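Residue numbering for the sequence shown follows our numbering, beginning at 4 and increasing consecutively. C-beta: ideal position from N, C-alpha, C; glycine also. Here the structure is a predicted model, which is why all the values come from computation and not from measurement.
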Amino acid sequence: MGYLSPSEIGAAFIKSAKQKLKCSSFELFLLAIMGGAFVALGGLLSIVVGGGMPEVAANNPGLQKFIFGSVFPVGLIMVILSGADLFTSDCAIMTVTTLSKESKWAQLCRVWTVSYIGNFVGAILVAFLFAYKSGVITQEPFAQTAIDIAVGKTSNPFIKTFVKGIGANWLVCTAVWMAYSAKDNFGRIIGIWLPVMTFVTFGFEHSIANMFFIPTAVYLGADISWGTFITANLIPATLGNIVGGALFVGGYNWFLFVRGKEAKQGGNTNQSLISDRI
């Protein structure tokens, strides 16, 4: 076949997690900084492209949302193909591995914690240096677009942001699952692009992306405090992302395709481009 079966994808997830567990916390932290930065760069590109068409947004908001969502996947594509680390994909990868008894829950918690902190650092650095200090989006209409995005994200009730967080990481981890199924980079890119474009167009809440979007607006002068960012968005979005990735993809796919099966670690040497490094 030109692609991996679901059970083979599960085995590739486990192989990827084992490589991750060999990393020291510092090495994983550095990979996570890179992952957060790449996602942030995808967000910055979305603001430049999608935020630069106010007439389209006013007359055809669905088209503007689609264009915004269409360029955002660049970030996750860079994460997957470079071997960087992303907390939200770890929610699925480490869950499959731990449920398969190939790792311990304490190891899962270490990976999640280090990855989350590293992603935050990477996203904040891009927000401050490349979105704000560089002047890329300090002019209109880009600055107002960034502020409007952040205000919208911090104005929702806790439960709404939580549910949107579930949807976001359900689709992101599905994108990673689909990327692992491919045997070439073109297939991986398509597998990533479709679900990620969908979640961004819907306006779902991705905690790592929001580590870029909302701080960028704060730097640009939005009337949003860091406390509001954390309590009104980051906490519910993160909890939703954990449910979406760990339960809707990791646990669900483990139960259907991996449970009771021996992990097949061979098969496709090309798959090592992903599974040996993420």
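Report buried or exposed for Cys-112, applying the criterion of at least 16 other Cβ atoms within 10 angstroms of its Cβ. To locate residue 112, count along the sequence shown from 1; it is residue 109. Flag for Cys-112 reads exposed.
Segment contact, 8 Å Cβ cut-off, at least three pairs: the segment 85-93 with the segment 114-130: With the rule of 3 Cβ pairs closer than 8 Å, the segment 85-93 counts as touching the segment 114-130.
Do Val-82 and Phe-215 have their beta-carbon atoms positioned less than 8 Å apart in this structure? As a first step, residue 215 must be located in the sequence shown, where it is residue number 212. As a first step, residue 82 must be located in the sequence shown, where it is residue number 79. No. Outside cutoff.
For Ala-235, collect the residues of the same chain with a Cβ closer than 7 Å to its Cβ; drop the 5 residues on either side in sequence, then sort them by chain order. Counting from 1 along the sequence shown, the entry for residue 235 is found at position 232. Cβ neighbours of Ala-235 beyond the five flanking positions: Thr-157.
Where does Ile-281 fall in DSSP's three states? The residue labelled residue 281 in the question sits at position 278 within the sequence shown. Unreliable placement is indicated for Ile-281, whose pLDDT of 42 sits below 50; no coordinate value is reported for it.
Exposed unless 16 or more other CB atoms sit within 10 angstroms - verdict on Ser-137: Here residue 137 corresponds to residue number 134 of the sequence shown, with the count starting at 1. Per the 10 Å Cβ criterion, exposed.
Going by alpha carbons, who is nearest to His-209 out of Thr-241, Pro-198, Val-179 and Gly-230? Taking the first residue of the sequence shown as 1, we reach residue 209 at position 206. If we check each option's Cα against that of His-209, Thr-241 comes out closest.
Every unbroken alpha helix (DSSP H) within the segment 56-138, with a cutoff of 4 residues, ordered by chain: Segments of the alpha helix (DSSP H) lying fully in the segment 56-138: 57-62, 64-74, 77-85, 90-102 and 108-128.
Can you list, in chain order, the residues of its chain whose CB lies under 6 Å from that of Phe-32, leaving out five sequence neighbours each side? Sequence index remark: in the sequence shown, residue 32 carries index 29 (1-based). Cβ neighbours of Phe-32 within its own chain (closer than 6 Å, five residues either side excluded): Val-117 and Gly-121.
N-terminal and C-terminal residue of the alpha helix (DSSP H) that Trp-196 is part of: One-based indexing of the sequence shown puts residue 196 at position 193. Looking at the DSSP string, the run of the alpha helix (DSSP H) that includes Trp-196 is 188-205.
Exposed unless 16 or more other CB atoms sit within 10 angstroms - verdict on Trp-3: Residue 3 falls outside the range modelled here, since the chain spans only 4 to 281, and no answer is possible.
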